[in-house]
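As structure tokens, the structure follows; a few thoughts come after it.
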Amino acid sequence: MDASQRIGIGHAMRCLALADAIRDRNTVEFACRQQQGDLCAQIEQQGYVVHRLPPPSADATEASDAEETLAAIRTAAAASPNWLIVDHYGLGALWHAALRPHAGRILVIDDLADRAHDCDLLLDQNLSPADAGRYASRVPAGCRVLAGPRYALLRDEFQRLRGKCRPRTTVQRVLVSFGGADAANLTERALAAMSLAPLSDLQFDVFIGPAFAHAGRIRELCAALPSVRLWDDPGRLAERMAEADLAIGAAGSSFWERACLGLPSIAVPVAPNQDYVARRSAAEGAAIVLALDKFDAATLAAAVARLTADPEKLLSMSVRCFDLADGSGAGRVAQLLEQRPVELRRATLSDAALVYPWRNSERVRRASHDSGALEPARHEEWFRASLAVPARDLLIAEVGKVSIGVLRYDVDGPRATVSIYLAPDWIGRGYGAEVLKAGHAWLGVHRPVVVEVRAEILAENSNSMSTFLQAGYRGTTQLMVWSAGR
Numbered sequence: 003m004d005a006s007q008r009i010g011i012g013h014a015m016r017c018l019a020l021a022d023a024i025r026d027r028n029t030v031e032f033a034c035r036q037q038q039g040d041l042c043a044q045i046e047q048q049g050y051v052v053h054r055l056p057p058p059s060a061d062a063t064e065a066s067d068a069e070e071t072l073a074a075i076r077t078a079a080a081a082s083p084n085w086l087i088v089d090h091y092g093l094g095a096l097w098h099a100a101l102r103p104h105a106g107r108i109l110v111i112d113d114l115a116d117r118a119h120d121c122d123l124l125l126d127q128n129l130s131p132a133d134a135g136r137y138a139s140r141v142p143a144g145c146r147v148l149a150g151p152r153y154a155l156l157r158d159e160f161q162r163l164r165g166k167c168r169p170r171t172t173v174q175r176v177l178v179s180f181g182g183a184d185a186a187n188l189t190e191r192a193l194a195a196m197s198l199a200p201l202s203d204l205q206f207d208v209f210i211g212p213a214f215a216h217a218g219r220i221r222e223l224c225a226a227l228p229s230v231r232l233w234d235d236p237g238r239l240a241e242r243m244a245e246a247d248l249a250i251g252a253a254g255s256s257f258w259e260r261a262c263l264g265l266p267s268i269a270v271p272v273a274p275n276q277d278y279v280a281r282r283s284a285a286e287g288a289a290i291v292l293a294l295d296k297f298d299a300a301t302l303a304a305a306v307a308r309l310t311a312d313p314e315k316l317l318s319m320s321v322r323c324f325d326l327a328d329g330s331g332a333g334r335v336a337q338l339l340e341q342r343p344v345e346l347r348r349a350t351l352s353d354a355a356l357v358y359p360w361r362n363s364e365r366v367r368r369a370s371h372d373s374g375a376l377e378p379a380r381h382e383e384w385f386r387a388s389l390a391v392p393a394r395d396l397l398i399a400e401v402g403k404v405s406i407g408v409l410r411y412d413v414d415g416p417r418a419t420v421s422i423y424l425a426p427d428w429i430g431r432g433y434g435a436e437v438l439k440a441g442h443a444w445l446g447v448h449r450p451v452v453v454e455v456r457a458e459i460l461a462e463n464s465n466s467m468s469t470f471l472q473a474g475y476r477g478t479t480q481l482m483v484w485s486a487g488r
């Protein structure tokens, strides 16, 4: 992970959010390249060990970067870490492959989908889950893709403040923050709008970050504006967001912070990787997007004035923001990092009693084509018959010898149909896709002729569709297909 005045601090902030979520039960160390605005000192102040890599060089390659990172790993507290987490647009599959022998598993944080990765887990918090297929050809077959703001890496203070925030209906206080660096100095353009008539009655909180390139100029301008409070402590940003009625800022990771607190945005995509978030937030009705080349004082003032005069629009945007991100993403990812692998075994008749209450649970029946409750005798009869069918594999999924679910394949030559359900206590914990992936490995060993697996899903069961997408299936809302070797 790197930070600088040129690339900003977004990578660092989301890595810190994840580090905070896992540090209670794990040792977490950082490797960062030394450069202006690198945040190394700030990360150390938060109690983390930072391995400082040499400053960037013009002849650097992925291979040389991997060598320098490996040298840092060898001096770390855990010379062979359970997880290597990388958040860097300049590193891809070659780098991952070089480090893979020295780490248990690899998590890649990305939002470009423009290069191949050799990883076990990939997180793109900006991507809609329905678009997770963008990575299908860029990650290994067994890689799980975590897509969408459900996994947005936000510091825990956002989740704490969320409960205190209410939907906005008026605009009195406006927050302005274009990230920790703001290399394009969009903050100055925003300040130019604050003295214009439509905005003269509003109060503004303006933030400059630790890698800010134009801090002196912004301090000078803010001193001449009585309606402006200037802040340079990122630790106060969440509180100011919670107090604000409207935000003006970039369309990067900070958009999910604002959304978590129900704060409507006038968003400006300042880099190509922010275009997707900008389009999605506008389509969801959570933000008004202004193009970078059209972002000036008059355009901004007009946009703020329109929202100030339209409380219904402001309320609608605020409600949609609350819906988009709940602030629990870092915790969800932390839980997944600590998951133990899924193993499969063939079911036996003694498992009939074990899985009977699972099959009859309301959550399982709602997702089933046969939603009726089964009598014990009928269930045992079905179970016994299934075990006797040569073309049916009835499997029990286990985590650490704890049984967590049932996976069934009905095989017809090179094709199979799959059915899955989990024990109620294990639903919603991210194991569904892992059971399906373990099933793919099972087929490779026990049914190598099977090259296609089909799943029939109820049209209204969006959770099942998301699970199958994460496991590599593609298709419509009612029929999804996994193909071997894809």
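Start counting the sequence shown at 3; every next residue gets the next number (the working numbering). Using N, Cα and C, we set each Cβ at its ideal position, and we do this for glycine too.
Selection from the options that minimises the alpha carbon distance to residue i
| i | options | result |
| --- | --- | --- |
| Pro426 | Glu382, Asn362, Arg242 | Asn362 |
| Gly439 | Val404, Pro142, Asn465, Ala349 | Sequence inspection shows Lys at residue 439; the Gly mentioned does not correspond to that position. Measuring from the Cα of Lys439, the nearest candidate turns out to be Pro142. |
| Arg322 | Leu376, Leu223, Leu263, Arg380 | Leu263 |
| Phe160 | Arg260, Ile45, Ala195 | Arg260 |
| Met467 | Ser318, Arg16, Leu93, Pro131 | Pro131 |
| Ala284 | Ala273, Arg117, Ser318, Thr301 | Ser318 |
| Pro103 | Ser197, Ser82, Pro212 | Ser82 |
| Arg431 | Val335, Glu382, Tyr50, Gly254 | Val335 |
| Gly211 | Pro200, Arg164, Ile45, Pro236 | Pro236 |
| Gly144 | Val344, Ser197, Val401 | Val344 |
| Ser320 | Asp61, Met3, Ile268 | Ile268 |
| Ala486 | Val447, Leu326, Thr478, Ser352 | Val447 |
Whether residue i touches residue j by CB criterion (8 Å)
| i | j | result |
| --- | --- | --- |
| Val437 | Gly407 | yes |
| Leu530 | Leu397 | What the structure shows of the chain is the stretch from 3 to 488, and residue 530 is not part of that stretch, so it cannot be assessed. |
| Ala19 | Ala5 | no |
| Asp22 | Arg152 | no |
| Leu339 | Ile24 | yes |
| Arg476 | Gly135 | yes |
| Ala115 | Arg140 | yes |
| Gly434 | Leu424 | yes |
| Ile11 | Gly218 | no |
| Val413 | Arg449 | yes |
| Val306 | Val176 | yes |
| Glu31 | Ala99 | no |
| Pro57 | Arg27 | no |
| Thr29 | Ala80 | yes |
| Pro200 | Ala303 | yes |
| Ala300 | Val291 | no |
| Ala332 | Leu155 | yes |
| Leu163 | Ala246 | no |
Sequence-distant residues of its chain with Cβ nearer than 7 Å to residue i (five each side left out)
| i | result |
| --- | --- |
| Leu316 | Arg170, Thr171, Val173, Pro266, Leu309 |
| Ala33 | His53, Leu55, Thr71, Ala74 |
| Gln7 | Gln38, Gly39, Ala183, Ala185, Ala213, Ala215 |
| Glu377 | none |
DSSP-derived helix/strand/coil call for residue i
| i | result |
| --- | --- |
| Glu314 | helix |
| Ala115 | coil |
| Met482 | strand |
| Val452 | coil |
| Ala457 | strand |
| Tyr475 | coil |
| Cys121 | coil |
| Asp22 | helix |
| Asp295 | helix |
| Arg8 | coil |
| Val141 | coil |
| Val110 | strand |
| Arg16 | helix |
| Ala33 | strand |
| Ala288 | coil |
Contacting residues, own chain, Cβ-Cβ under 6 Å from residue i (five flanking each side not counted)
| i | result |
| --- | --- |
| Val110 | Val88, His119, Cys121, Leu124 |
| Gly441 | Leu409 |
| Val230 | Phe206, Val208, Cys224 |
| Asp113 | Asp126, Asn128, Asn275 |
Neighbourhood of residue i by C-beta, 8 Å cutoff - its chain only, sequence neighbours within 5 removed
| i | result |
| --- | --- |
| Val178 | Thr189, Ala192, Leu193, Phe206, Asp207, Val208, Phe209, Ala249, Ile250, Gly251 |
| Arg417 | Val452, Val453, Glu454, Val455, Arg456 |
| Ala393 | Asp412, Val413, Asp414 |
| Trp360 | Val366, Gly407, Val408, Tyr423, Leu424, Ala425, Pro426 |
| Trp85 | Ala105, Gly106, Arg107, Ile108, Leu109, Leu339 |
Residue i beta carbon near the ligand MG (any heavy atom closer than 7 Å)
| i | result |
| --- | --- |
| Cys262 | The ligand MG is not part of the structure shown, which contains no ligands of any sort. |
May I have a chain-ordered list of the alpha helix (DSSP H) segments no shorter than 4 residues that lie completely inside the region 146-207? With a minimum length of 4 residues, the unbroken runs of alpha helix (DSSP H) contained wholly in the region 146-207 fall at 158-164, 188-195.
Quick one: which unbroken alpha helix (DSSP H) runs of 4-plus residues sit fully inside the region 199-286? Chain order, please. The qualifying runs are 217-225, 239-245, 255-262, 277-285.
Which parts of the region 39-89 are runs of the beta strand (DSSP E), unbroken and 3 residues or longer, counting only runs that do not cross its ends? The qualifying runs are 51-55, 85-88.
Those runs of the alpha helix (DSSP H) which lie wholly inside the region 301-389 and span at least 4 residues: Qualifying alpha helix (DSSP H) stretches, in chain order: 313-326, 331-339, 353-362, 364-368, 378-389.
Run through the region 388-433 for me and flag every whole alpha helix (DSSP H) of 4 or more residues, listed as ranges in chain order. Within the region 388-433, no complete alpha helix (DSSP H) run reaches 4 residues.
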